[in-house]
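Counting along the sequence shown from 1, when you hit position 110 you're at 109 in numbering that gives the first Met the number 0, and nothing is skipped either side.
C-beta atoms are modelled at their ideal positions from N, C-alpha and C, and glycine is treated no differently.
Keep in mind it's a predicted model, so treat the numbers as computed, not measured.
So the structure is just underneath, and the comments pick up after that.
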Amino acid sequence: MHQQPVKLGCHNVWKLYGPHPERLLAGGAAPDLDAIRASGHVGAVRNVSIDVRQGEIFVIMGLSGSGKSTLVRCLSRLVEPTAGEILFNGKDLLQARPKELIDIRRHKMGMVFQHFALLPHLNVLQNVAFPLQVQGIGRAAREARAEEVIALVGLEGREAYFPRQLSGGQQQRVGIARSLVVEPELWFLDEPFSALDPLIRREMQDEFLRVQQLLHKTIVFITHDFDEAIRIADRIAIMKDGEVIQVATPEELVLNPAADYVAEFTRYVSRAKVVTLGRIAVPGAAEGAAGTLPETVRVEAVANEVEAAAAPFNVIDEDGVVIGHVTRQAVIDVLVGRGGRG
Ligand SMILES: Nc1ncnc2c1ncn2[C@@H]1O[C@H](COP(=O)(O)OP(=O)(O)O)[C@@H](O)[C@H]1O
Ligand SMILES: [Mg+2]
């Protein structure tokens, strides 16, 4: 992908809980986990640096308690970091005054949580329009805008329903619509689908990707589910004990895990789900190719097509330039777990 500008930069961010967190960081050297624990503190976020680029889906993945929610709350400054720097559109968010901060959150950030608190006495339309009401936008305008996002998330016709009349999945859709109604520049989703049944969860992931294709938001998406992460992410940051231990594309994570901890997650992932055509393409255009396919497409998505074709496919980059070709055999090698190595 052409390199997009950094939308949200987070540099050496710490969040320690305990009796005197600032003092712990005041010395020259950063304290390690043992020192943090021994002094009665919790190292919820430790020295995290990540850059989220415009238009990408940046996933933060880690087990429960690894610091994901604390980090995302630091990024929106719902939690005050103990130390570090957070740049939103290049501006230091930690220097923003309270009023400015409220304004940024209200107009430029959208948030969805696992247990999204819909207002029980408001119907779907009113719930979705609520953030615009808070902004002081008139009823007709805010309801017209709410109708648009309600349609976007597939809830057309349910405008008059109340939250208790909706399934869990539908309630999350309302939450998603409500977070999008202000047209946020940055969209934070903290385990939005984790409480849903697996089938519904998959459906919601597909819907989420469809909506993102239309909106091109900059997204920070949190999950503890590695399968969900590789399905939706452009890049993934893996967290453990408050630290980010690797940031990479799903493909790089699976093929080149930086630590045993990462390898544990990737061990049972089928390669075809992450390996892209760009990785297995052989240089040079194929004579009489069966067609062209983008380099960013994952093998799983086109395996049947390539396998069924009599000739190889040419592989093109985002400018439409042929970078090479893929053969039937190369695809089969990935499917049986031989291809696409490091
Ligand atoms: N307000 C708080 N006070 C003390 N410890 C906290 C607080 N919030 C979170 N923690 C601790 O910080 C760590 C990271 O929590 P959290 O960010 O919620 O993890 P995750 O979202 O990955 O499950 C956990 O050990 C948690 O108990
Ligand atoms: Mg959490």
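Item	Value
Spatial distance of His19 from Ser38 (CA atoms)	9 angstroms
Proximity winner among Ile221, Asp233, Lys98 and Ala150, relative to Thr248 (alpha-carbon distances)	Asp233
Helix, strand or coil at Gly341 according to DSSP, with G and I counted as helix	Any reading at Gly341 is ruled out, since the residue's pLDDT is 46, under 50, leaving its predicted position unreliable.
Contiguous alpha helix (DSSP H) assignments of at least 4 residues, all confined to the segment 41 to 123	67 to 74 and 97 to 107
Continuous alpha helix (DSSP H) assignments of at least 4 residues falling wholly in the segment 243 to 295	249 to 254, 259 to 265 and 276 to 279
Integer Cβ distance of Leu124 from Glu99, believed to fall under 8 angstroms	Contact flag wrong, Cβ pair sits at about 30 angstroms.
Lys98 beta carbon near ligand 1 (any heavy atom closer than 7 angstroms)	no
Buried or exposed by the 16-neighbour rule on C-beta atoms within 10 Å, applied to Gln171	buried
Euclidean distance between Cα positions of Val148 and Ala116	18 angstroms
Neighbourhood of Gly341 by C-beta, 7 angstroms cutoff - its chain only, sequence neighbours within 5 removed	Since pLDDT at Gly341 reaches only 46, below the 50 mark, its modelled position is unreliable, and no value is offered.
4-residue-minimum alpha helix (DSSP H) runs that sit fully inside the segment 204 to 240, ordered along the chain	225 to 231
Ligand 1 heavy atom lying under 7 angstroms from the CB of Ser65	yes
C-beta atoms of Ala271 and Ala307 nearer than 8 angstroms	no
CB-CB length for Leu70 against His40, believed under 8 angstroms	With a Cβ gap of about 17 angstroms, Leu70 and His40 do not count as contacting.
CB of Arg76 within 8 angstroms of CB of Val5, strictly	no
For Val5, the residue or residues it bridges with in DSSP	Arg52
Run of the alpha helix (DSSP H) containing Gly323, from where it starts to where it stops	No alpha helix (DSSP H) holds Gly323; the beta strand (DSSP E) holding it covers Val321 to Val325.
Gly39: CB within 7 angstroms of a non-hydrogen atom of ligand 1	no
Closest residue to Val246 among Arg36, Arg209 and Ile49 (Cα-Cα distance)	Ile49
Any non-hydrogen atom of ligand 2 within 7 angstroms of Ser75 CB	no
C-beta atoms of Val333 and Val274 nearer than 8 angstroms	yes
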